[in-house]
Amino acid sequence: MNKRAISLLIAAAICGITVLSGCQVTTSSESSSEAPAPGSAPAQSEESVASEAPAGDKIEFELMHLMQESTKRAGVDAWCASVNEELGGTVDFINTSLTQSQYNTTIKTRLAAGNPPQMIWGRPGTYPEIIAAGHALDLSDWDFVAKMSEENKKAACDPETGKVYSVNFDKLYFMIFYNKDIFEKEGLAPPTSQEELIAVCQHFADKGQYAFARGYQPPNEVPLTEFNARIRWQLMSEDPTFFLDVMAGERVPSSSEHWVSGWYSWADVLRFPREDDMGRDVDKMYQLFASGEYPMYTSGTWSIGEVKKYNPDINMGALPIFSREGNKVCEQIDGSMMVSSKVAGTPAEDVARKLTDHIVSPEGVREWIENAQTVPATDDPVAATMEPVFADIATYRENDQLVNTGYISDFTGEFWTRWAELTTEFAALDDYSDASVEAFIQKVDGEFAALAQKNQ
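Residues 63 to 518 (the numbering used here) make up the sequence shown, in order.
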């Protein structure tokens, strides 16, 4: 077996746990600062949830995914409720939400025990080992496939066979979100380049104000996003085998000029005076931005609904996360679920067929936008502008500034976990001189080379 095959077989990543039984939501997550949704049941341990038997003759159907945001869980809740109503209330839906770092152990354990979730988070290009091991069902002839755009199908297909293995429902954009009212009050135009962004940061620094709300407590969402977005669009579109090559030990990360540039571009912004961002969690970051205390924050479009929980009327806009190399926006199919091969020929297969069909239907898309408040995977221009901030994102498509990387493989397993940890370490540096940044890049090279050697 070659090194790349071995590196792929060590993969997978996810964590935290949310259970939706019928229409009751139970939340338990060691890394989430959110309180359970109003009306939810008391939190239970993963062990107690797993031991519960479905009520009566109901079909148990579990969806295991990475969506920890309460708004996204509400979107899944709405889908399941609609399908359950169509099926006469015959299904116990279990909505298991994991963080990336826990998924590796959880999914491997469940698959090894022959007890997989009925639907599993991920695109084929992200979790090829699940497909290679025969754990994912070929969905190529299912009804929902005909309703997907060609770009959607590309992200849903196994790059090796061209077969469809996932249903896609959510697009991810890495963005700088800004408060339009604050910018107008300060007489600032939205920046259009890295240089203009630095000038905006300087404007706020001169006033004794911090430009960005940040929250760098684990699970590493913000620092990883801040670096990831600066490299992702250019690196993945121009160097699509980069992540696979690094995991296979065939190259070091710094062999990519885009990778190196990403660290320096981020350092440009981190050099400005900051608070103790390491002591704040992401939910507090959303609150600070929503309250108008900070003019900008960096995240993915998954955060829109979380911000609007605290201020539904906030006048927010979206900017590219600029780098020294450009200002394009990475568009990626993010919300994507595969179906376990274990459901074939069982009552759960009918549930899976109805659920996948509902997810891509106009009603399913509407439920997703209204509850999750993030960009649907559909290319329907009406759906894509149902939230005002979505319209800002649509302008980047109109101006040919979007690069779609949703079908390209990423770091997985230990590589993904260590990458997230390293971005947090970088965010905590005291010195962002060129020499310090260069030393950190070399450190990352050494650690990833050691990981690749370990896994050979």
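We put the beta carbon where it would ideally sit given N, CA and C, even for glycine.
Proximity below 8 Å, CB of residue i to CB of residue j
i, j, result
"residue 362", "residue 236", "yes"
"residue 286", "residue 485", "yes"
"residue 199", "residue 398", "no"
"residue 273", "residue 358", "yes"
"residue 121", "residue 153", "yes"
"residue 470", "residue 335", "no"
"residue 483", "residue 282", "yes"
"residue 413", "residue 201", "no"
"residue 242", "residue 379", "yes"
"residue 411", "residue 144", "no"
"residue 477", "residue 502", "no"
"residue 384", "residue 253", "yes"
"residue 367", "residue 435", "yes"
"residue 517", "residue 395", "no"
"residue 321", "residue 306", "no"
"residue 256", "residue 386", "yes"
"residue 340", "residue 512", "no"
"residue 372", "residue 275", "no"
"residue 346", "residue 277", "yes"
"residue 459", "residue 204", "no"
Status (buried if at least 16 other CB within 10 Å, exposed otherwise) for residue i
i, result
"residue 514", "buried"
"residue 211", "exposed"
"residue 406", "exposed"
"residue 264", "exposed"
"residue 472", "buried"
"residue 333", "exposed"
"residue 175", "exposed"
"residue 324", "buried"
"residue 426", "buried"
"residue 51", "Summary: the structure shown does not reach residue 51, with the chain confined to residues 63 through 518, and so no result is reported for it."
"residue 151", "exposed"
"residue 168", "buried"
"residue 365", "buried"
"residue 360", "buried"
"residue 343", "buried"
"residue 508", "exposed"
"residue 315", "buried"
"residue 6", "Given a span of 63 to 518 for the chain in the structure shown, any question on residue 6 remains unanswerable."
"residue 300", "exposed"
"residue 374", "exposed"
"residue 408", "exposed"
"residue 140", "buried"
"residue 134", "buried"
6 Å CB neighbourhood of residue i in its chain, flanking five on each side removed
i, result
"residue 390", "295, 463, 465"
"residue 218", "226, 228, 230"
"residue 422", "206, 209"
"residue 238", "358, 360, 381, 383"
"residue 522", "The chain is shown only over 63 to 518; residue 522 falls outside these bounds and no answer can be derived."
"residue 348", "368, 369"
Residues near residue i in its chain [Cβ-Cβ closer than 8 Å; skip 5 each side]
i, result
"residue 260", "330, 331"
"residue 184", "192, 228, 398, 399, 400"
"residue 326", "386, 496, 499"
For residue i, three-class secondary structure by DSSP
i, result
"residue 462", "coil"
"residue 474", "coil"
"residue 290", "helix"
"residue 440", "coil"
"residue 455", "helix"
"residue 129", "coil"
"residue 119", "coil"
"residue 345", "helix"
"residue 393", "strand"
"residue 491", "coil"
"residue 427", "helix"
"residue 35", "Residue numbering for the chain in the displayed model covers 63 to 518; residue 35 lies beyond these limits and cannot be assessed."
"residue 375", "coil"
"residue 228", "coil"
"residue 106", "Residue placement at residue 106 is poorly supported in this model, since its pLDDT is 35, which falls under 50; the coordinates still yield a value, given next. Residue state, collapsed to three classes: coil."
"residue 409", "helix"
"residue 512", "helix"
"residue 241", "strand"
Residues near residue i by beta carbon distance below 7 Å, same chain, minus five either side
i, result
"residue 222", "none"
"residue 178", "172, 197, 402, 404"
"residue 417", "141, 145"
"residue 262", "250, 253, 273"
**Asked** Counting only runs that start and end within the region 144 to 218, where is the alpha helix (DSSP H) found for 4 or more residues in a row?
**Response** 162 to 174, 190 to 194, 212 to 218
*Every unbroken beta strand (DSSP E) within the region 290 to 319, with a cutoff of 3 residues, ordered by chain*: none
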